[in-house]
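Following: one structure in structure tokens, then a few remarks.
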């Protein structure tokens, strides 16, 4: 493990914090896995509380995570509403919402 | 937390344009033109968009003998504009691709000597992310985390992260 010889313990911790930060950022910006992005960025902030960039991206990742999860839940319950015959009406509006979510999912993939 | 990972070293440019004023002007003109495409951010670029960007980039007066009406005409057909945009984006990414290749080669070489070098993987991952390849970036940086946390790089290597 020759790479280890060029770091002291502080540098090693800084590198680990930076690595978690970049992994979190890639997972978030690439829209690959928001849950994992949040945990990576939480770890980056824990290891280096002075990393302001990590705070910013953690905030963004949490926002995205919540948005995704809430939209997913909204889709689930609205699908049930349609399946049950949409007794309150607004069928077109609901279908339009579900269609737009599907399009968004496809483009972000 | 002082020590940040070292940034990948950018390759030196092959020619020094400033040695030749005419070439330097053409080089700046080309860069300005490419930037005008990137900054246009609309479906049809008109001549005025390009001239505006050239003026901004060159910091000089760009004089034109043309009518106002001509400036509002689309500069390219839709297909040509699309191709130009793609080529401009590719040109921007070309130096990054070189950096990624060099870093990945260095990581592989050190690994042959059982030196797993997480910083090299991190830097290669950062470069991949900058080039828009988030999947490869995730693979490389994940390997770096595993190495730093003592889990070893073998799983990642088998998955082809540094291949």
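Chains as they are written, first to last, in this note's numbering: chain A, 1 to 109; chain H, 1001 to 1163. Glycine included, each C-beta is placed from N, C-alpha and C at the ideal position.
Beta bridge counterpart(s) of residue i as assigned by DSSP
i	result
residue 1074/H	1046/H
Endpoints, the alpha helix (DSSP H) within which residue i is located
i	result
residue 1120/H	1118-1130
residue 1146/H	1134-1148
Identity of the residue in the options nearest residue i by Cα
i	options	result
residue 2/A	1110/H, 1127/H, 1125/H and 1150/H	1110/H
residue 1047/H	1073/H, 1030/H and 1150/H	1073/H
residue 101/A	13/A, 68/A, 53/A and 35/A	68/A
residue 1094/H	1131/H, 1075/H and 1056/H	1131/H
residue 1045/H	1071/H, 1104/H and 1055/H	1071/H
residue 25/A	15/A, 16/A, 14/A and 37/A	37/A
Output the residue ranges of the alpha helix (DSSP H) runs that lie fully inside the region 13-58 of chain A and measure 4 residues or longer, sorted by chain position. List check, alpha helix (DSSP H) in window: 34-47.
Check distances from the C-beta atoms of the region 59-77 of chain A to those of chain H and list, in chain order, the residues that come in under 7 Å. Residues passing the 7 Å Cβ filter: none.
Counting only Cβ-Cβ distances shorter than 9 Å, please list the residues of the region 1101-1126 of chain H near chain A, keeping chain order. For the region 1101-1126 of chain H, the set of positions with a beta-carbon nearer than 9 Å to some beta-carbon of chain A reads 1110, 1113, 1114, 1115, 1116, 1117, 1118, 1119, 1120, 1121, 1122, 1125 and 1126 in chain order.
Residues in the region 1129-1144 of chain H having any Cβ partner in chain A nearer than 8 Å: Residues 1129, 1134, 1135, 1137, 1138, 1141, 1142 and 1144.
Runs of 3 residues minimum, wholly inside the region 57-103 of chain A: which ones carry the beta strand (DSSP E) assignment? Fully contained in the region 57-103 of chain A is no beta strand (DSSP E) run of length 3 or more.
Chain A contacts from the region 1070-1100 of chain H (Cβ-Cβ distance under 9 Å): Hits within the stretch: zero.
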